[in-house]
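Line by line, the protein sequences are chains A and B. Counting in my numbering, the final residue of the first sequence is number 161, and the numbers go up one at a time with none missing. Counting in my numbering, the final residue of the second sequence is number 1288, and the numbers go up one at a time with none missing. We put the CB at the ideal spot given by N, CA and C, even for glycine. Heads up, the thing below is written out as structure tokens.
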Amino acid sequence: MGINYIGIGDFAVSNKPDDIIKTMALGSCVGIMLYDPKLKIAAMGHIALPDSKVRGQRGMDKPGRYADTGIPLLAKAMLNKGSKRGRSLIVKIAGGAQINDPNDTFNIGKRNVLAVKKILWKCSLILKAEDTGGNIGRTMQVGVDTGEVTLSSPGRSKWKL
Amino acid sequence: MIVTKSIADRVKEMPMLSVVSTRLLELLGEDNYSIRDVVSIVENDAILTTKILRAANSVAYSPRVPITSVTAAINNMGEKVIMGIAIESCAPKVFKDPLGGYMSEAGQMWDHSLCTAIGARQLSSYTIKESSSNLAFTAGLLHDIGKSVMSVILEGNTEEMLGHIDNGEAVSFLDAEKKIAGMDHTELGYELAQHWKLPEQLAMAIRYHHHPQDVDDKYKDLVYTVHLGDILAMMAGIGTGVDGLAYSIDRTYKDYIEIREDELAIAVADIQEEFFKTKQAILGEETE
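Here's what the structure looks like:
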């Protein structure tokens, strides 16, 4: 059994039943999990910002960091592992916490969740469950065999999504 | 439960800083200092010099020719890595020990401090009046030192604190700390800063990093950068554990820091990149 840890802007995909994909400490970032229940393929990404276009002339750093480039990448990774286009995937997201800013500028968590939902919709990926917002950090993991997503936060008991 | 009485003793029990560390922090607490002065202090300390040279020769930098002097190390890695290594070794216990009361593991406090420092430094280029980026970095590294003492007091009370936050009795984690300890980690940090005789501006950044509007005007630019740097670190998931993002933003930052949404997004990406690179460098993994 292996645990694939993914960091900010990274993603992983697996069809090994014993594998777990895990991302630690989602603050205002959003973790996105795609699962093909027939072929038992799971993918997870950890995006930090809504839109890669802010980089402008500076060029791309990590496409997985942004919702608009990260989600298509994740969907492609599923296809590369054998999942078929048009197959209904289970989609779950978590994170997007924030410290509420009355001036709105620092409300990145909220903007991330909105952007993720918009891009999922564009990619015809239907969101099944989410645990987003609030002011807690979340760790998210998925077991490849079952597609079961578990969340945890320091000082709180684990819960299923 | 109020345990204020023993807090003064706990602070006094914290080991004093070495002579080299005190001199170094005095220097780094100034608005402007020359890196030569830093070098001359660092070179008096064999352990510090070794750490810096190890980082300079690490995988993160992979120099073509081995780096053998502190000056060459600074040229290669930049000042902030040197400052990071120097401050970390001033008080390794504060930065490296796990914070049991915050349910965070060994190293998390250091990661959070480093990420805040990098964030504060980035934000210092958006202050309306000109402000010192080096000072923002140093203050960012030190802002949460109070947590090292607070952690011991909070241990075993975590559930109660989360209860206070969940039922709204505590608006922020600072209130929850006060309910348990009679004071919060910024007040405790200030006590520790006094104990260590840290320069006034650093002590003020430690004391007011959650409420910059309350600090004396002459420190406001600095303290707002640390406040927002801290928030960006927590948002990146590089926090200290159970407190998560349970704090408030001081909306008056707008009067001191001018940053647009798109500029902030770029700053966030840069901070994350720089954090991982600097962390790797400071850990100083040896090249093969």
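I need the straight-line Cα distance from residue i to residue j, nearest angstrom please.
i: B/Met-1014; j: B/Ala-1056; result: 31 angstroms
i: B/Val-1039; j: B/Thr-1127; result: 29 angstroms
i: B/Ala-993; j: A/Pro-154; result: Nothing about residue 993 of chain B can be reported from this structure: the residues present for chain B run from 1001 to 1288 only.
i: A/Ser-152; j: A/Thr-69; result: 27 angstroms
i: A/Gly-82; j: A/Asp-18; result: 18 angstroms
i: B/Gln-1108; j: B/Ile-1282; result: 14 angstroms
i: B/Asp-1097; j: A/Gly-86; result: 50 angstroms
i: A/Lys-76; j: A/Asp-61; result: 19 angstroms
i: A/Asp-36; j: A/Tyr-66; result: 23 angstroms
i: A/Lys-110; j: A/Ala-97; result: 7 angstroms
i: B/Leu-1037; j: A/Lys-160; result: According to the sequence displayed, residue 1037 of chain B carries Asp and not Leu. If I take the Cα positions, the gap works out to 55 angstroms.
i: A/Val-149; j: B/Thr-1225; result: 37 angstroms
i: B/Thr-1240; j: B/Met-1150; result: 12 angstroms
i: B/Ala-1046; j: B/Trp-1196; result: 22 angstroms
i: B/Lys-1051; j: B/Asp-1111; result: 18 angstroms
i: B/Gly-1189; j: B/Gly-1084; result: 19 angstroms
i: A/Ala-25; j: B/Glu-1105; result: 13 angstroms
i: B/Glu-1286; j: B/Arg-1054; result: Residue placement at B/Glu-1286 is flagged as unreliable, the pLDDT there being 42, under the threshold of 50; the coordinate-derived value follows with that caveat. Whole-angstrom Cα-Cα distance: 7 angstroms.
Any idea what DSSP makes of residue i, helix, strand or coil?
i: A/Trp-159; result: strand
i: A/Glu-130; result: strand
i: A/Gly-143; result: strand
i: A/Met-44; result: strand
i: A/Arg-138; result: strand
i: A/Pro-53; result: According to the sequence shown, residue 53 of chain A is Lys rather than Pro. Note: A/Lys-53 maps to helix in three-state DSSP.
i: A/Ala-12; result: strand
i: B/Thr-1127; result: strand
i: A/Ile-3; result: strand
i: B/Tyr-1224; result: helix
i: B/Met-1014; result: coil
i: A/Thr-69; result: helix
i: B/Tyr-1061; result: coil
i: B/Glu-1286; result: Unreliable positioning characterises B/Glu-1286 in this predicted model, as indicated by a pLDDT of 42, which lies under 50. The coordinate reading is nonetheless provided below. Strand at B/Glu-1286.
Considering only C-alpha positions, which residue in the set the options is nearest to residue i?
i: A/Asn-100; options: B/Asp-1045, B/Ala-1176, B/Ile-1231 and B/Asn-1044; result: B/Ile-1231
i: B/Met-1235; options: A/Gly-134, A/Arg-156, A/Gln-141 and A/Lys-160; result: A/Gly-134
i: A/Ser-124; options: A/Ile-8, A/Leu-89 and A/Ala-115; result: A/Leu-89
i: A/Val-13; options: A/Asp-61, A/Leu-120, A/Tyr-66 and A/Leu-79; result: A/Leu-79
i: B/Asp-1009; options: B/Glu-1191, B/Asp-1031 and B/Thr-1278; result: B/Glu-1191
i: B/Asn-1157; options: B/Tyr-1102, B/Ala-1246 and B/Phe-1275; result: B/Tyr-1102
i: B/Asn-1044; options: B/Asp-1184, B/Asn-1075 and B/Val-1070; result: B/Val-1070
In the DSSP assignment, the beta strand (DSSP E) including residue i goes from what residue to what residue?
i: B/Glu-1200; result: Where B/Glu-1200 is concerned, there is no enclosing beta strand (DSSP E), although the alpha helix (DSSP H) it sits in stretches over 1200-1208.
i: A/Ile-93; result: 90-95
i: B/Met-1109; result: No beta strand (DSSP E) contains B/Met-1109, which is instead part of the alpha helix (DSSP H) from 1108-1123.
Output the boundary residues of the alpha helix (DSSP H) element that contains residue i.
i: B/Asp-1270; result: 1261-1283
i: B/Ile-1165; result: 1158-1166
| query | Touch check for the stretch 1235-1252 of chain B and the stretch 1197-1215 of chain B: three-plus C-beta pairs under 8 angstroms? | reply | Contact between the stretch 1235-1252 of chain B and the stretch 1197-1215 of chain B is present, because at least three Cβ pairs lie under 8 angstroms.
| message | Pairs of beta-carbons, one from the stretch 141-157 of chain A and one from the stretch 31-49 of chain A, closer than 8 angstroms: are there three or more? | response | The stretch 141-157 of chain A, when compared against the stretch 31-49 of chain A, does touch it at the 8 angstroms Cβ threshold.
| At a cut of 8 angstroms, does the stretch 16-30 of chain A reach the stretch 44-63 of chain A through at least three beta carbon pairs? | Short answer: they touch.
| message | Using 8 angstroms as the cut-off, can you tell me whether the stretch 1115-1131 of chain B makes contact with the stretch 1060-1071 of chain B, which would need three or more C-beta pairs spanning the two stretches below that distance? | response | Short answer: they don't touch.
| With a cut-off of 8 angstroms, do at least 3 Cβ pairs link the stretch 114-131 of chain A to the stretch 1267-1276 of chain B? | With a cut-off of 8 angstroms, the stretch 1267-1276 of chain B and the stretch 114-131 of chain A do not count as touching, because too few Cβ pairs lie within range.
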